[in-house]
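Peer 1: My structure is below; once you've seen it, I'll send some questions.
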Amino acid sequence: METFFVLEKVEDERFPYRITLTKGDRVLLALRVQDRWPGQKGNVFCIREEMGSWSLPSQELERVPISVMKRLGKRLSLVLERPTKKRCDFLFLTKEYKSKAGHYEQIFWRTQKALTAHRPRAKLSTSGRCSLRIRIDTSERYPWRFQGCEVARGKLPVGDYAIVGGGGEILAVVERKSFENMLAEFGSMPLFHQQLSELCSYAHCALVIEANYADFLNPAKVPYYKPSFMAMAIAEINALHPGLSVVFAGNRKLAQEWTLRFFGAVQAHRLDEPHPKVKEVLQSYGSCLDQEANLAGSLSKTGH
Numbered sequence: 000m001e002t003f004f005v006l007e008k009v010e011d012e013r014f015p016y017r018i019t020l021t022k023g024d025r026v027l028l029a030l031r032v033q034d035r036w037p038g039q040k041g042n043v044f045c046i047r048e049e050m051g052s053w054s055l056p057s058q059e060l061e062r063v064p065i066s067v068m069k070r071l072g073k074r075l076s077l078v079l080e081r082p083t084k085k086r087c088d089f090l091f092l093t094k095e096y097k098s099k100a101g102h103y104e105q106i107f108w109r110t111q112k113a114l115t116a117h118r119p120r121a122k123l124s125t126s127g128r129c130s131l132r133i134r135i136d137t138s139e140r141y142p143w144r145f146q147g148c149e150v151a152r153g154k155l156p157v158g159d160y161a162i163v164g165g166g167g168e169i170l171a172v173v174e175r176k177s178f179e180n181m182l183a184e185f186g187s188m189p190l191f192h193q194q195l196s197e198l199c200s201y202a203h204c205a206l207v208i209e210a211n212y213a214d215f216l217n218p219a220k221v222p223y224y225k226p227s228f229m230a231m232a233i234a235e236i237n238a239l240h241p242g243l244s245v246v247f248a249g250n251r252k253l254a255q256e257w258t259l260r261f262f263g264a265v266q267a268h269r270l271d272e273p274h275p276k277v278k279e280v281l282q283s284y285g286s287c288l289d290q291e292a293n294l295a296g297s298l299s300k301t302g303h
């Protein structure tokens, strides 16, 4: 069941267009908007349909399948299945009134082209400092140091380093490998793949290597493996574990720094609570996908 981006014409002077994100008979999101596409002029102001009383649409202008829908910070990001005008997002903001108690909602529809044209000040969706609770596996020798973090030793189910939440749950996990460690793993690839598969059971996981990619293709450093074998072995890791971030950090110091920033970004994203409507839309979208997956599994079991 496809998800569609639907644009309709409305007889309304201030909000002459209606956008709906639909999946089957379900309307995931309905907005009244001021233009049919943001273009280069910037953001298009939107308002949720349930926030007012509106006239019915008079004409459907576009119906485009959505290939990607996900949350990026406070934005609901979409990729539409068409060659042009395909990337856009809806920024949901909640602001406090200046002259009275309470808050109000603002929604802006933005496109990649508009953001490029205006070149906004550099800003990260996961910016901001937050306290990190890092657990280091008890078997880790000469561990990395994380200044300013709450660090504790403990047995991890997989990996060498993890960031944990308030309830002790693992939010992200990292497997650390030196150059020599990786060479040893290449001698037993089936076992290494099993270990990486377990690592990938976590949504945020990474294999961080204290060496450069070029080191593994250098015959002077790896005399007993051909460069072609090394290149294929590394490619195989990426192919068999697409959800795993494989990072050639170059050395111990940079590997430690990358891991610290990775953990910080994961926690910041987790703490950045999305707008309730964005959360609702994605939950509805995800539940539809889960239902389709369950149906496909049932059909495959019955042979249909």
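Under numbering that gives the first Met the number 0, the first residue of the sequence shown carries the number 0, and numbering increases by one thereafter.
For glycine and all other residues, C-beta sits at the position ideal for the given N, C-alpha and C.
What span of residues does the alpha helix (DSSP H) with GLY153 cover, start to end?
Peer 2: The residue you call residue 153 lines up with position 154 of the sequence shown. GLY153 -> not in any alpha helix (DSSP H); beta strand (DSSP E) instead, spanning 149-153.
Peer 1: Where do the N-terminal and C-terminal ends of the alpha helix (DSSP H) with HIS268 fall, by residue?
Peer 2: By 1-based counting over the sequence shown, the position of residue 268 is 269. Run containing HIS268: 251-270, per the alpha helix (DSSP H) assignment.
Peer 1: Quick one: measure Cβ to Cβ for PRO37 and THR110, integer angstroms, because I've assumed they're closer than 8 angstroms.
Peer 2: By 1-based counting over the sequence shown, the position of residue 37 is 38. By 1-based counting over the sequence shown, the position of residue 110 is 111. The pair is a contact, with the Cβ atoms about 5 angstroms apart (cut-off 8 angstroms).
Peer 1: Suppose you measure from the CA of LYS99 to the CA of HIS268; what does that come to, to the nearest Å?
Peer 2: Here the question's residue 99 lines up with position 100 in the sequence shown. Here the question's residue 268 lines up with position 269 in the sequence shown. Approximately 31 angstroms, taken between the alpha carbons.
Peer 1: Pick from VAL246, GLY263, GLU179 and PRO15: whose alpha carbon is nearest that of GLU48?
Peer 2: Working through the sequence shown from its first residue, we reach residue 48 at position 49. Ranking VAL246, GLY263, GLU179 and PRO15 by Cα distance to GLU48 puts PRO15 first.
Peer 1: Is the region 155-167 touching the region 128-146, taking contact as three or more C-beta pairs under 8 angstroms?
Peer 2: Yes, the region 155-167 touches the region 128-146.
Peer 1: How far does the beta strand (DSSP E) with ASP24 in it reach, from first residue to last?
Peer 2: By one-based count along the sequence shown, residue 24 stands at place 25. Unbroken run through ASP24: none, as it is neither H nor E.
Peer 1: Measuring only between beta-carbons, confirm whether TRP257 sits less than 8 angstroms from chain B.
Peer 2: The structure shown contains no chain B; it is built from a single protein chain.
Peer 1: Go to ARG102, then tell me how far its alpha helix (DSSP H) extends in each direction, as first and last residue.
Peer 2: Your numbering for residue 102 matches position 103 in the sequence shown. For clarity, residue 102 is His in the given sequence; the question names Arg instead. No alpha helix (DSSP H) holds HIS102; the beta strand (DSSP E) holding it covers 102-110.
Peer 1: For HIS102, does the count of other Cβ atoms within 10 angstroms reach 16, so buried, or fall short, so exposed?
Peer 2: Locating residue 102 in the sequence shown gives position 103, counting from the first residue. By the 10 Å Cβ count, HIS102 comes out exposed.
Peer 1: Closer than 6 angstroms by C-beta to PHE44: which residues in its own chain qualify, once you throw out the five before and the five after it? Chain order, please.
Peer 2: In the sequence shown, the residue the question calls residue 44 occupies position 45. These residues qualify, in order along the chain: GLN33.
Peer 1: Just verifying my parser: in three-state terms, what is the DSSP assignment at GLN33?
Peer 2: In the sequence shown, the residue the question calls residue 33 occupies position 34. Reduced to three states, the DSSP call for GLN33 is coil.
Peer 1: Relative to the alpha-carbon of GLU235, which residue among LEU216, HIS192 and PHE247 has its alpha-carbon at the smallest distance?
Peer 2: Residue 235 sits at position 236 when you count from the first residue of the sequence shown. Nearest C-alpha to GLU235: HIS192.
Peer 1: Counting only the same chain and skipping the five closest in sequence on each side, list residues whose C-beta sits under 8 angstroms from that of GLU80.
Peer 2: On the sequence shown, residue 80 is found 81 positions in, with the first residue counted as 1. Excluding positions up to five away in sequence, the list reads VAL63, PRO64, ILE65 and SER66.
Peer 1: Checking 8 angstroms against the spacing of the C-beta atoms, do PHE247 and ALA205 come in under that value?
Peer 2: As a working note, residue 247 is residue 248 in the sequence shown. As a working note, residue 205 is residue 206 in the sequence shown. Cβ distance not < 8 angstroms, so PHE247 and ALA205 don't count as in contact.
Peer 1: Are the CB atoms of CYS87 and LEU71 nearer to each other than 8 angstroms?
Peer 2: Within the sequence shown, numbered from 1, the residue matching residue 87 stands at position 88. Within the sequence shown, numbered from 1, the residue matching residue 71 stands at position 72. In this structure, LEU71 does not lie closer than 8 angstroms to CYS87 by Cβ.
Peer 1: Among ILE46, GLN58 and TRP53, whose alpha-carbon lies nearest the alpha-carbon of THR308?
Peer 2: Nothing about residue 308 can be read from this structure; the chain reaches only from 0 to 303.
Peer 1: Is the beta carbon of HIS371 sitting closer than 8 angstroms to the one on PHE107?
Peer 2: Residue 371 cannot be examined here, being either before or after the span of the chain that is shown, 0 to 303.
Peer 1: For THR21 and HIS203, what's the separation of their Cα atoms in angstroms?
Peer 2: Position 22 of the sequence shown, counted from the first residue, corresponds to residue 21. Position 204 of the sequence shown, counted from the first residue, corresponds to residue 203. Approximately 29 angstroms between the Cα atoms of the pair.
Peer 1: Just checking my contact of ALA29 with ARG17 at CB under 8 angstroms: how many whole Å lie between their CB atoms?
Peer 2: Taking the sequence shown and counting its residues from 1, one reaches residue 29 at position 30. Taking the sequence shown and counting its residues from 1, one reaches residue 17 at position 18. Indeed they touch by this definition, with Cβ atoms about 7 angstroms apart.
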